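Worksheet: the structure to be examined is printed underneath.
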Amino acid sequence: KEDLLSLDPKLVKNIDFIDNPGVRYGDGIGYVIDIRTKRNTTGYVLGADLSNSVTTVNGGNTLYAKLNHKNSELALTFTSLYKDQRGFRSSETADYTLNNGSHYLVSRNQIDGRSRRFGNQFEIKYSLADSATYVFQANLSVGGNNTPGNYADFVYRDGTIEKSFRTINVSSDFSPTLDLYFFHQLGNHQSITANVVGSSIYTDKRGYNGEEGDYAYEVNGRTWSLESEAIYENKLKPFTLSAGLNHSMTFTNNEYTGDVSALNKMRRGELYLFSEVKGRWKRIGYSAGIGVANKTYSQENYSFDYWTFRPELTLNYDILTGLNARYTFETYRSESSYAMVSDARIRENSREWKVGNPNLQPSRVIKNIIDVSYNGRRVSCGMNMEYRRVLGSNMSVYERTATDEFLYSQQNIGNIMMFVVQNYL
1203 KEDLLSLDPK LVKNIDFIDN PGVRYGDGIG YVIDIRTKRN TTGYVLGADL
1253 SNSVTTVNGG NTLYAKLNHK NSELALTFTS LYKDQRGFRS SETADYTLNN
1303 GSHYLVSRNQ IDGRSRRFGN QFEIKYSLAD SATYVFQANL SVGGNNTPGN
1353 YADFVYRDGT IEKSFRTINV SSDFSPTLDL YFFHQLGNHQ SITANVVGSS
1403 IYTDKRGYNG EEGDYAYEVN GRTWSLESEA IYENKLKPFT LSAGLNHSMT
1453 FTNNEYTGDV SALNKMRRGE LYLFSEVKGR WKRIGYSAGI GVANKTYSQE
1503 NYSFDYWTFR PELTLNYDIL TGLNARYTFE TYRSESSYAM VSDARIRENS
1553 REWKVGNPNL QPSRVIKNII DVSYNGRRVS CGMNMEYRRV LGSNMSVYER
1603 TATDEFLYSQ QNIGNIMMFV VQNYL
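Read in my numbering, the sequence shown has 1348 at position 146, and its numbers run on one by one without any break.
Rendered as structure tokens:
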């Protein structure tokens, strides 16, 4: 954000909008905006971006400074965020079917609440660049957030009992990150790019739910991750060839104490290799790529280690001036969040529990997308059609126990097929 705020439009060489990123950028990337700039040889920039609400306590403020000298640049950024909101209201009605076939109706009406959040981040960035040959950049950032005093007050009714209770959810986190980037131009049309990112997250959380007596727990979380990437690109005629690899490792230790007792030690890793060809022939633009990933996961006695292919194909055809049709095919693996694979059981209310599933496996996603768009001087419109299949999908499951408690978890059951049509004008 601060890079865009301090950017002089006169220094922009070109902007590339990539609407078919392909396998190079990994899963879940829809668009990429590549802004290439020139650099001032000497000078500095000082600035601030202030955003504060008038009618509520909510805002974010950024101070930044940038100093250039010859091929070197030093940038400092400080960001402060805050929020303090009160007076929340909500209403919930639940109908539980018990083992004997009867229905147990309850209502939970929130009558008051407070949500607070404060955060600060400091970033220092140094870069050394010769725009025609190389770029080296080192970025160190340290951030922290705190949510003190978050609570919600409820009134509980089930037809015979009416009572008040409170829930509390407070947390704090601290996250340092070091990002190293290197780019080197090899001749007129070849280049290599390397990137290494190391980060850690330290989290402390406290939860309390008074609906069914005093239920309280604490979570002490630690996460360390290392991600590296190397890419080779060759701009040939009439296509561009790129190939590379991405490697990531994540170690997570979450310790639950109090009314929740668990120690989760999770390990995740991925080695991703890819190759891609992009080009254009007459009215047809094309992008074809293949990615191969080795994904690993372990938590106590649960683990998986598998290879998966990720092919992707995109074809563009310019029908008329401003009228374009595009077809995209891709397939990849989708993993659940850490919260759903943790080996912990947490009470949500007097009847419901959230239960992690350490044996949850990734699901396979297959997409076929057709997009037709028109961009004229005064009118822009389009239609998007997508047929998606999710094999071995992670679906929500509620299980009723013999004591009429309801356990929510995710399991690999069944497949999903969906057809979506969207249009815009």
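Don't be surprised by glycine CBs; every beta carbon is placed ideally from N, CA and C.
None of these values were measured; they are calculated from a predicted model.
Please state whether the Cβ-Cβ distance between Glu1478 and Asn1496 is less than 8 Å.
no
With a cut-off of 8 Å, do at least 3 Cβ pairs link the region 1426 to 1436 to the region 1392 to 1411?
yes
Whole-number beta carbon distance between Ile1618 and Arg1579, since they are thought to touch under 8 Å:
The pair is not a contact, with the Cβ atoms about 41 Å apart (cut-off 8 Å).
In chain order, which beta strand (DSSP E) runs of at least 3 residues are fully inside the region 1287 to 1329?
1292 to 1299
Give me whichever residues DSSP pairs with Met1587 in a beta bridge.
Ile1572, Val1623
Look up Leu1438 in the DSSP assignment and say whether it is helix, strand or coil.
coil
For the beta strand (DSSP E) containing Pro1560, list its first residue and its last residue.
First-last for Pro1560: undefined, no H or E at that position.
Residues in its own chain within less than 8 Å of Thr1523 by CB, not counting five upstream and five downstream?
none
Does DSSP put Lys1272 in a helix, in a strand, or in coil?
coil
If you draw a straight line from the alpha carbon of Leu1593 to that of Glu1601, how long is it in whole angstroms?
22 Å
Have a look at Lys1365 and Leu1300 and give me their C-alpha separation to the nearest angstrom.
22 Å
With a 10 Å radius around its C-beta and 16 neighbouring C-beta atoms as the bar for buried, classify Arg1535 as buried or exposed.
buried
So which of Asn1503, Gln1613, Glu1550, Val1622 has the shortest CA-CA distance to Asp1573?
Val1622
Look up Lys1212 in the DSSP assignment and say whether it is helix, strand or coil.
helix
CB of Gly1487 within 8 Å of CB of Phe1476, strictly
no
For the beta strand (DSSP E) that contains His1391, what are its first and last residues?
Taken as a continuous stretch (DSSP letters only), His1391 belongs to no beta strand (DSSP E), as it is neither H nor E.
Leu1265 versus Val1256 - alpha carbon distance
20 Å
With distances taken Cα to Cα, identify the nearest neighbour of Tyr1417 among Met1542, Tyr1404, Gly1460.
Gly1460
Within its chain, find whatever has a CB closer than 8 Å to the CB of Ser1253; leave out the 5 residues flanking it on each side and keep chain order.
Gly1261, Gly1262, Asn1263
Taking Phe1384 as the reference, which of Val1247, Phe1338, Asp1406 has the closest Cα?
Phe1338
Short of 6 Å in beta carbon distance, which residues of its chain neighbour Leu1609, apart from the five on each side in sequence? Order them along the chain.
Trp1555, Val1557, Glu1601
What whole-angstrom Cβ distance do Asn1311 and Glu1413 have, given they're in contact under 8 Å?
That pair is no contact at about 12 Å.
Neighbourhood of Asn1577 by C-beta distance below 6 Å, restricted to the same chain and skipping five residues each side:
Gly1524
Can you tell me whether Met1620 is buried or exposed, with buried defined as 16 or more other CB within 10 angstroms of its CB?
exposed
Classify Val1581 as helix, strand or coil using the three-state DSSP reduction.
coil
My output table needs one value for Val1543: the three-state DSSP class, helix, strand or coil.
helix
Got a sec, what are the start and stop residues for the beta strand (DSSP E) Pro1513 sits in?
1504 to 1522
Quick check: Ser1538 and Leu1562, are their CB atoms within less than 8 Å of each other?
yes
Excluding five sequence neighbours on each side, which residues of the same chain lie with their C-beta closer than 6 Å to the C-beta of Ala1267?
Leu1248, Leu1278
Unbroken beta strand (DSSP E) run spanning Tyr1474, endpoints
1464 to 1483
What span of residues does the beta strand (DSSP E) with Ile1363 cover, start to end?
Looking at the DSSP string, Ile1363 is not in any beta strand (DSSP E), and its letter there is neither H nor E.
Apart from the five residues on each side of it in sequence, which residues of its chain come closer than 6 Å, Cβ to Cβ, to Ser1282?
Asn1263, Asn1322
Candidates Ile1217, Asp1218, Leu1276, Val1399: which alpha carbon is nearest Leu1428's?
Val1399
Taking Cβ positions, are Ala1354 and Thr1335 nearer each other than 8 Å?
no
Cβ shell of Asp1520 (< 6 Å), same chain only, five flanking positions each side left out:
Arg1485, Asn1526
The beta strand (DSSP E) spanning Asp1355 covers which residue range?
1353 to 1359
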